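So the sequence shown is numbered by my numbering: it starts at 9 and just counts up by one.
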Amino acid sequence: EAGFYDTPGGAVGVAVAGEYAYLAEGMEGLRIIDISDPAAPTEAGYYETPGIAMGVAV
């Protein structure tokens, strides 16, 4: 384990593209995590989805 980022929801879908991980978190929406530094991931963005986020693709 290089590092971790604790999100408020539970990731039900994950996609990684470049230096970002995109997490579908059910009722918590979509979170974008900057993983450019694997030892210290940080939240780069958030989108409150109109429904339940069950998957993500990039």
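Built from N, CA and C at the ideal position, the CB exists for glycine as well.
Computed from a predicted structure; not experimentally measured.
Three-way DSSP call (helix, strand, coil) for residue i in this model
i	result
D45	coil
G17	coil
A65	coil
G57	In the sequence under discussion, the amino acid at residue 57 is Thr, which differs from the Gly named in the question. Looking at T57 - three-state DSSP - the assignment turns out to be coil, as it is neither helix nor strand.
Beta-carbon contacts of residue i that lie in its chain and below 6 angstroms, excluding the five residues immediately before and after
i	result
A23	Y30, V64, A65, V66
Whole-number beta carbon distance between residue j and residue i, since they are thought to touch under 8 angstroms
i	j	result
A48	G11	6 angstroms
Y54	G37	6 angstroms
M62	G18	That pair is no contact at about 12 angstroms.
Cβ shell of residue i (< 8 angstroms), same chain only, five flanking positions each side left out
i	result
D42	E27, Y28, P49, T50, E51, A52
Residue(s) in a DSSP beta bridge with residue i
i	result
A10	Answer is none; A10 lacks a bridge partner.
Cβ neighbours of residue i in the same chain (closer than 7 angstroms, five flanking residues each side left out)
i	result
T57	G37, L38
E60	Per the sequence shown, the amino acid found at residue 60 is Ile instead of Glu. Hits under 7 angstroms: G34, M35.
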